[in-house]
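K.L.:
One structure coming up, written as structure tokens, with questions to follow.
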Amino acid sequence: MDPAPKFIVDNNVGRLAKWLRVLGFDTLFINPIADEDLLEIARREGRIIVTKDTAFLRRREVMDGRLKVVFVRSNDRLGQLREVIAALNLPVADRWFSRCLACNAPLKPVAKAEVAHEVPPYVYATQNGFQRCPGCGRVYWPGTHWERMRAELKTVMAGAE
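Numbered continuously in our numbering, the sequence shown closes out at residue 515.
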């Protein structure tokens, strides 16, 4: 089985980074970043560039296949996500909510007792599954925000088929 693709998202589609991370894909977003720096990171780390900038499509290393670019046309983040999924035929069912939405690090399960003083009392009383980002320390749990995101993603998936 091929390893999951890794992405670097251009500034012109920055909001898309969060949604690729929601699906569990390693997605860099650095703002600001010069095109040459973005290209260097893509080369060095084997990342797929996601952009609305047609100039990337005209670069020799893209035209000859050394670098992969997904060009998106949609102006809204979920439409862009649908385009990326369709362009790469991405498997999207098994890694949802496994990366930090803020810094991209893989989340780690954490014991409920360890987050007692870090989450609101109601959340602590009603939730049992918590994850922490080892990069930035944020704590995640499957609350109502996850359900809203899941509903949006199901709409995206239906449109990507």
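Every residue, glycine too, gets a C-beta built ideally from N, C-alpha and C.
In three-state DSSP terms, what is residue 497?
P.N.:
Coil.
K.L.:
Of the residues 409, 512, 440, which one's Cα is nearest the Cα of residue 390?
P.N.:
When only C-alpha atoms are compared, the closest one is 409.
K.L.:
From residue 462 to residue 425, what does the alpha carbon distance come to, in whole angstroms?
P.N.:
Their backbone Cα atoms lie some 32 Å apart in a straight line.
K.L.:
What residues in its chain sit with their C-beta under 7 Å from that of residue 434, if we drop five residues either side in the sequence?
P.N.:
367, 370, 426, 428.
K.L.:
Any Cβ of chain D within less than 9 Å of the Cβ of residue 478?
P.N.:
Protein chains in the displayed structure number just one, and chain D is not present.
K.L.:
Comparing C-alpha positions only, which one of 404, 399, 471 sits nearest to residue 373?
P.N.:
Of the listed residues, the one whose Cα sits closest to residue 373 is 404.
K.L.:
Residues in the same chain with beta-carbon distance under 8 Å from residue 392, minus the five sequence neighbours each way, listed in chain order, please.
P.N.:
Closer than 8 Å at the Cβ level, and outside the excluded window around residue 392, lie 362, 364, 384, 403.
K.L.:
Only counting the same chain, and skipping five residues up and downstream in sequence, which positions put a Cβ closer than 7 Å to that of residue 355?
P.N.:
Confidence is the limiting factor: at residue 355 the pLDDT is only 44, short of 50, which leaves the residue's position unreliable, though a coordinate-based value still follows. Cβ neighbours of residue 355 beyond the five flanking positions: none.
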